[in-house]
Structures are given as C-alpha cells and as structure tokens.
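Below you'll find the structure, written out as structure tokens, and then a few comments.
Numbering (this note's numbering), first residue to last: 19 to 278.
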C-alpha cells in the first residue's frame, strides 16, 4: 500500500488513529478463484483465541482469500499474533466492534466479505462451501454454529440457534456474517452507535438487496467463554431481553460486557 492510499483511507475514518501492516500477497489477476473473499476479524485483547482462528483460516487453502485483523484498543499481544498470520493488520486506538469492522471492510480487496469473531474458527471446507452456496441472489447470511465444548447445554443452545437461523424465525449470525462488499459499502456498514445486536441490524438493512441464507453445510466453531463466565441461564435471559427490547426501543445505550 503506498502512502497516498493510506492517507486516503485514514481520511475515511475521521478521529481514529490508524496504523496498517500488509503482507505481500497475490493480485486479483493472479487469483484463479471465481470469487475473492476478505475475512475481517475485529480483535480487542484476543491473544488467547486469535491464533487458533487464524490457523484455521490458513488451512482453508482457498486461493482468493484475504485475512484482515483490526486490533482495536489492545493492551496484550493481539497485534503480534495477528502479524504472524494475517494479510493486513490494522491497529486503532478506538474500541468498538462496528468501528473495527467498518474500517476493515474499507481496506478489503475481496468481493465477498465475511465478518468473523476472533474467538470463532472455521472448519476446513467452510470458505469453499460459502462461495458455492452464497449467490448474487443473497444479500446476507451465516453458517452453522457449533460450540467449542461438548457440554450438553451448549450443544442444545446451538442446536436451537441453528434451527432458528435455518427457519428464518430470527435471521442472525453465529460469529459469522456474510455479505457482498458493494452492498455493505452502499449501506454505510455497521451502525457504530450500537454495541448490542449490531449484527441483526446490519442483516436487516442488507435484505433490501436480496435474501438471507443459512448455509448449514459450512461450520464455524465458537468459544462459549461468555456462557462459562455468566452462566447458561443468565445468558439465555439476556438474549431474550435484548430481542424484546429491540422490538420496542432504541438499543444505542445498551453496553456489552467484555469477557476475555
């Protein structure tokens, strides 16, 4: 990336201190894949989980893959872990998932964007399956979620969550959001004022361009650390409350507890 491009991108994110690092990679003309994919991972103090996420991505062997990590407000070794395995590392001082994801999307070269949580890793064939199943008729989607624990309660939670996404009772995500970059940019990306249910808000707005899809043959394994910390009952109650609140009130003032 030359200095003029970097300056231009920094002006797109006013008020944010931005530093970038880029690994040498193939150009678009060198890539044989029909669809190029940028995986964007926001990471705030995620050194404990990020390595496994990046290792799993490198095992995908998908030729059109770009991995972007946005390290936001980190005080641990997240940046070092990311630099070893990602294609682009963006470092900002400001916290916030929406802020990090939006900046990563603006840096992305891929046609298809996949927003991936830092504690979530993809099964080996997930990217290939996603690019086969996610068509131009689709505007937003997610994959099958799986807990990183065999605890019965966690497997039941994800069984229900997958059913809800498959049936479109709730069109949400399981640590993974899929969309076309052109649609994302047209919408202005994530609502940066939201700290909770920002995923559902984005998916709802993306549907103006096409359908939501649940790709059950692609799998993402996600950490259950939040459930471990707060307890299953408390987490289920929290999600139920947030869902009802989102129907009747603005969630801009709701905060999300940081669990590391």
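We treat Cβ as the ideally placed atom computed from N, Cα and C, and that holds for glycine.
Answer with buried or exposed for residue i, where buried requires no fewer than 16 other C-beta atoms within 10 angstroms of its C-beta.
i           : result
residue 105 : buried
residue 37  : exposed
residue 138 : buried
residue 186 : exposed
residue 198 : buried
residue 73  : exposed
residue 79  : exposed
residue 223 : buried
residue 174 : exposed
residue 240 : buried
residue 71  : buried
Among the candidates the options, whose CA atom is the shortest distance from the CA of residue i?
i           : options            : result
residue 208 : 201, 217, 200      : 217
residue 69  : 93, 99, 57         : 99
residue 196 : 177, 62, 148       : 148
residue 169 : 85, 80, 249, 62    : 249
residue 205 : 120, 132, 172, 79  : 120
residue 131 : 181, 160, 61       : 160
residue 192 : 140, 146, 118      : 140
residue 76  : 233, 200, 144      : 144
residue 202 : 226, 179, 181, 188 : 226
residue 146 : 53, 109, 246       : 53
residue 40  : 126, 177, 166      : 126
Considering only the beta carbon of each residue, do residue i and residue j sit closer than 7 Å?
i           : j           : result
residue 82  : residue 55  : yes
residue 183 : residue 229 : no
residue 221 : residue 136 : no
residue 214 : residue 134 : no
residue 87  : residue 107 : yes
residue 237 : residue 162 : yes
residue 96  : residue 64  : yes
residue 128 : residue 84  : yes
residue 61  : residue 89  : yes
residue 176 : residue 242 : no
Locate the beta strand (DSSP E) running through residue i, then write down its first and last residues.
i           : result
residue 100 : Note, residue 100: premise wrong, no beta strand (DSSP E); alpha helix (DSSP H) at 96-103.
residue 236 : 229-240
residue 217 : Note, residue 217: premise wrong, no beta strand (DSSP E); alpha helix (DSSP H) at 216-224.
residue 120 : Not the beta strand (DSSP E): residue 120 falls in the alpha helix (DSSP H), residues 115-125.
residue 155 : Run containing residue 155: none; DSSP gives neither H nor E here.
residue 212 : Counting along the chain, residue 212 falls outside any beta strand (DSSP E), and DSSP gives it neither H nor E.
residue 139 : 138-140
Would residue i pass as an interface residue toward chain D - the criterion being a Cβ-Cβ separation below 7 Å?
i           : result
residue 249 : Considering every chain present, this structure includes no chain D. It has just one protein chain.
Where do the N-terminal and C-terminal ends of the alpha helix (DSSP H) with residue i fall, by residue?
i           : result
residue 168 : Segment: none, residue 168 is in no alpha helix (DSSP H) and carries neither H nor E.
residue 108 : Per DSSP, residue 108 belongs to no alpha helix (DSSP H); it is in the beta strand (DSSP E), 106-110.
residue 208 : Element bounds for residue 208: n/a, residue is neither H nor E.
residue 246 : 243-248
Only counting runs of 3 or more residues, tell me where the beta strand (DSSP E) segments fall wholly within the stretch 55-99, in order along the chain. List check, beta strand (DSSP E) in window: 55-61, 83-90.
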